[in-house]
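Protein chains in written order, with the numbering used here: chain U, 164 to 435; chain L, 164 to 435.
Built from N, CA and C at the ideal position, the CB exists for glycine as well.
Every value quoted in this text rests on a predicted model; they were computed, and no experiment measured them.
Working notes, beginning with the structure itself.
Number of protein chains: 2
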Amino acid sequence: MKRTVFLVSDRTGITVDTMVHTLLTQFDEEDFERVTLPFMDNPEKIHVAVQQINAAADRDGVPPLVFSSLVDADCRDALRQSRGILFDFFDAFIGPLETVLGRQSAHAMGRSHGMGNTRAYDERLEAVNFALSYDDGARLKNLDAADLILLGVSRSGKTPTCLYLALQFGVRAANYPLTQEDFLGDGLPPVLQPHRRVLFGLSIAPERLQQIRQQRRADSEYASLARCRQETHWAERLYAAHGVPFLNTTAMSIEEIAAAIMHRTGIRRRAF
Amino acid sequence: MKRTVFLVSDRTGITVDTMVHTLLTQFDEEDFERVTLPFMDNPEKIHVAVQQINAAADRDGVPPLVFSSLVDADCRDALRQSRGILFDFFDAFIGPLETVLGRQSAHAMGRSHGMGNTRAYDERLEAVNFALSYDDGARLKNLDAADLILLGVSRSGKTPTCLYLALQFGVRAANYPLTQEDFLGDGLPPVLQPHRRVLFGLSIAPERLQQIRQQRRADSEYASLARCRQETHWAERLYAAHGVPFLNTTAMSIEEIAAAIMHRTGIRRRAF
């Protein structure tokens with residue numbers, strides 16, 4: 164019998180989702196059944212949640228785990244009435260933090276992943292539009308506005324990384340696909356030359372690249388291991404020749420690629 | 164003098180970033196200066212971090228706050244040597260969780276936002292490709308594969324929402340822009356009719372829509388308040404007439420829109 168895990172939050176549930184994800188990956192995830200309950204922003208809704216939790220306790224024969232990030236004290240009190248085992252994010256951290264800082268917190272809902280200020284929000288939208296306009300070398304003018312230009316061969320992870328950087332950090336990232344033409348010449352593609360300081364390269368193991376390209380265009384020359392080997396070799400040689408910092412993305416998730424780029428380039432995020 | 168806040172993690176820093184973001188929004192964020200230190204995955208790197216923390220303590224005249232999510236016990240021990248005030252995510256939760264579950268956790272790094280299994284990762288990439296292919300009504304064939312089709316007038320938030328759903332949840336979301344043509348007819352646009360069960364509408368306050376459109380095409384008819392009023396009115400009437408669930412996104416962040424859609428539709432995420 165699986166143990167039910169409840170994720171209770173007053174808004175999006177992102178905080179509690181991240182928290183549960185991080186904690187449960189340290190155990191065997193197969194053992195848990197998750198139930199997400201976002202927007203539980205008043206004690207009445209919490210009472211309904213408590214009934215669900217108690218029903219799961221009866222059904223499972225073990226008390227459910229209840230992870231919550233509720234800022235409102237009445238909501239937290241209401242949730243304590245359940246027969247689940249409660250792990251509350253604010254209980255764990257906000258009290259100690261108030262003590263250290265010598266002041267009360269705001270206890271206001273929706274601050275962490277809400278609209279916040281419109282400006283920061285617009286920065287993110289603008290960054291998404293930027294990433295879409297400058298995806299795959301679609302446009303090459305006015306690259307001056309780019310915080311970053313990602314280089315890489317087809318299917319090395321440029322597009323999802325740019326979109327993630329835009330959505331998560333408000334970073335304006337263009338991307339430029341390296342193709343055989345770019346490798347024929349000796350130098351950096353001319354269009355990139357004025358932007359050397361914002362270039363960053365992606366590389367990938369040929370075997371993994373082949374696997375990804377196979378899904379796209381099975382059994383094509385494009386997806387052949389020989390071609391994948393040649394392109395990645397050329398790309399890395401180009402990075403080295405022009406001092407373009409680069410990253411091998413083979414075993415990295417989009418989040419890791421993005422975090423590593425932010426870390427290595429020192430680009431400042433425009434939005435939180 | 165601002166107080167320095169260190170975010171120390173062994174991998175991407177997403178967990179600790181979310182945690183700090185959520186906690187500090189409950190205080191006055193202006194008071195803090197953040198320093199992010201990802202990929203601190205051995206005690207030697209932690210020693211360097213400790214020196215940075217101690218230097219900040221001297222400079223600020225108050226001990227820095229140190230938020231960490233380190234799974235390795237040696238790393239955690241090393242970090243405890245700093246003069247910062249430590250808030251460790253695993254200290255707070257993993258111990259109590261081990262007690263409840265009656266077993267040890269894996270203490271393995273990079274599990275939460277790493278590659279995990281390749282299949283889940285490919286699901287997310289596939290979802291991003293899907294969102295891009297089916298953005299803004301770009302393609303309308305084979306919509307059968309869509310988990311969701313978002314409807315809305317131009318600039319109501321469809322594209323960033325679809326991309327966020329893809330990256331965060333691996334959900335395949337297409338989007339269809341409602342234009343004046345669609346409002347002339349009586350029914351649902353014919354191309355959408357076979358897909359009623361996956362339709363979801365976005366609406367937005369005309370004033371906010373005008374503001375967004377102004378940034379795009381200043382002083383155009385497209386950005387006029389009259390046009391924004393008319394389009395949003397028509398869109399909501401269309402949703403109501405055809406039983407399409409919808410959301411007013413005016414005061415919502417992308418995260419909130421995505422969470423609300425997941426909650427209301429009950430779509431299951433394909434990736435964590």
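Under the three-state DSSP convention, the category Pro340 (chain L) falls into: strand
Tell me whether the beta-carbon of Pro227 (chain U) lies closer than 9 angstroms to the beta-carbon of Thr167 (chain U). yes
Compare the C-beta of Met415 (chain L) against all C-beta atoms of chain U and say whether one is closer than 9 angstroms. yes
Helix, strand or coil: how does DSSP classify Asp254 (chain U) here? Of the three classes helix, strand and coil, the one that applies to Asp254 (chain U) here is helix, per DSSP.
Closer than 9 angstroms to chain L by CB, Val334 (chain U): For Val334 (chain U), the answer is no, since every Cβ of chain L falls outside 9 angstroms of its Cβ.
Contact between the region 293–300 of chain L and the region 312–330 of chain L is defined here as three or more beta-carbon pairs at a separation below 8 angstroms; is this criterion met? Yes, they touch.
Please give the ranges of any beta strand (DSSP E) in the region 383–412 of chain L, keeping only runs that are unbroken, at least 3 residues long and fully inside the region. 409–411
Please list, in chain order, the chain L residues whose beta carbon lies closer than 9 angstroms to that of Ile257 (chain U). Near Ile257 (chain U) (Cβ distances below 9 angstroms), the residues of chain L are Leu186, Gln189.
Can you grab the Cα-Cα spacing for the pair Arg432 (chain L) / Gly364 (chain L), in whole Å? 19 angstroms
Residues in the region 198–212 of chain U having any Cβ partner in chain L nearer than 7 angstroms: Pro201, Phe202
Whole-angstrom distance between Thr178 (chain U) and Met182 (chain L), CA atom to CA atom: 7 angstroms
Using a Cβ-Cβ cut-off of 9 angstroms, state whether Glu286 (chain L) counts as contacting chain U. Answer no: the Cβ-Cβ gap between Glu286 (chain L) and chain U never drops below 9 angstroms.
From this set, L:Pro259, L:Leu260, L:Ala255, L:Glu261, which residue's C-alpha is nearest Pro259 (chain U)'s C-alpha? Here the closest residue by C-alpha is L:Ala255.
Pick from U:Val291, U:Ile209, U:Leu362: whose alpha carbon is nearest that of Pro340 (chain U)? U:Leu362
On the DSSP bridge assignment, give the partners of Ile248 (chain U) in chain order. U:Leu228
State whether the region 327–347 of chain L contacts the region 281–288 of chain L, with contact taken as three or more CB pairs (one from each stretch) at a distance under 8 angstroms. yes
With 9 angstroms set as the bound, which would you pick, yes or no: does the beta-carbon of Arg274 (chain U) sit closer than that to a beta-carbon of chain L? yes
Would you mind giving the Cβ-Cβ distance between Val171 (chain L) and Val234 (chain L), rounded to the nearest angstrom? I have them listed as a contact below 8 angstroms. Contact flag wrong, Cβ pair sits at about 12 angstroms.
Alpha carbon to alpha carbon, what distance is there between Ile209 (chain U) and Asp310 (chain L)? 29 angstroms
With H, G and I counted as helix, E and B as strand and the rest as coil, what does DSSP make of Arg432 (chain U)? If DSSP states are grouped into helix, strand and coil, Arg432 (chain U) belongs with coil.
CB of Leu311 (chain L) to nearest heavy atom of the ligand SAM: below 8 angstroms? The model on display carries no ligand, and the ligand SAM is accordingly not part of it.
Looking at the secondary structure, which residues open and close the alpha helix (DSSP H) in which Ser296 (chain L) lies? Start and end: 281–296.
Around the C-beta of Gly273 (chain U), are 16 or more other C-beta atoms found within 10 angstroms, so that it is buried, or is it exposed? buried
Burial state of Met132 (chain U), where buried means 16 or more other Cβ atoms lie within 10 Å: No answer is possible for residue 132 (chain U): it lies beyond the span of chain U, which begins at 164 and ends at 435.
State the CB to CB distance for the pair Leu372 (chain U) and Arg302 (chain U), rounded to an integer number of angstroms; the pair is presumed to be in contact (CB under 8 angstroms). Incorrect: roughly 25 angstroms between the Cβ atoms, too far for contact.
Neighbourhood of Cys391 (chain L) by C-beta, 6 angstroms cutoff - its chain only, sequence neighbours within 5 removed: Once the five neighbours on either side are set aside, the close Cβ partners of Cys391 (chain L) are Pro369, Leu372, Gln373.
Under 8 angstroms by beta carbon: chain U residues contacting Tyr327 (chain L): Leu330
Does the separation of the CB atoms of Ile367 (chain L) and Val407 (chain L) fall below 9 angstroms? no
Between Met164 (chain L) and chain U, is any beta-carbon pair separated by less than 9 angstroms? no
If contacts are defined as beta-carbon pairs under 8 angstroms, then Asp173 (chain U) and Asp204 (chain U) qualify, I think. What distance do you get, rounded to the angstrom? 4 angstroms
Following the continuous alpha helix (DSSP H) through Arg379 (chain U), name the residue where it begins and the one where it ends. 369–379
Which runs of the beta strand (DSSP E) fall wholly inside the region 310–369 of chain L and span at least 3 residues, in chain order? 311–316, 336–341, 362–366
Selected residue, minimal CA-CA separation from Ala241 (chain L), among L:Leu264, L:Phe252, L:Val213, L:Glu196: L:Val213
9 angstroms Cβ cutoff, Ala421 (chain U) in contact with chain A: The chain inventory of the structure shown lacks chain A, comprising the protein chains U and L.
With a Cβ-Cβ cutoff of 9 angstroms, do Gly348 (chain U) and His405 (chain U) count as a contact? no
Using a Cβ-Cβ distance cut-off of 9 angstroms, determine whether Val229 (chain U) contacts chain L. no
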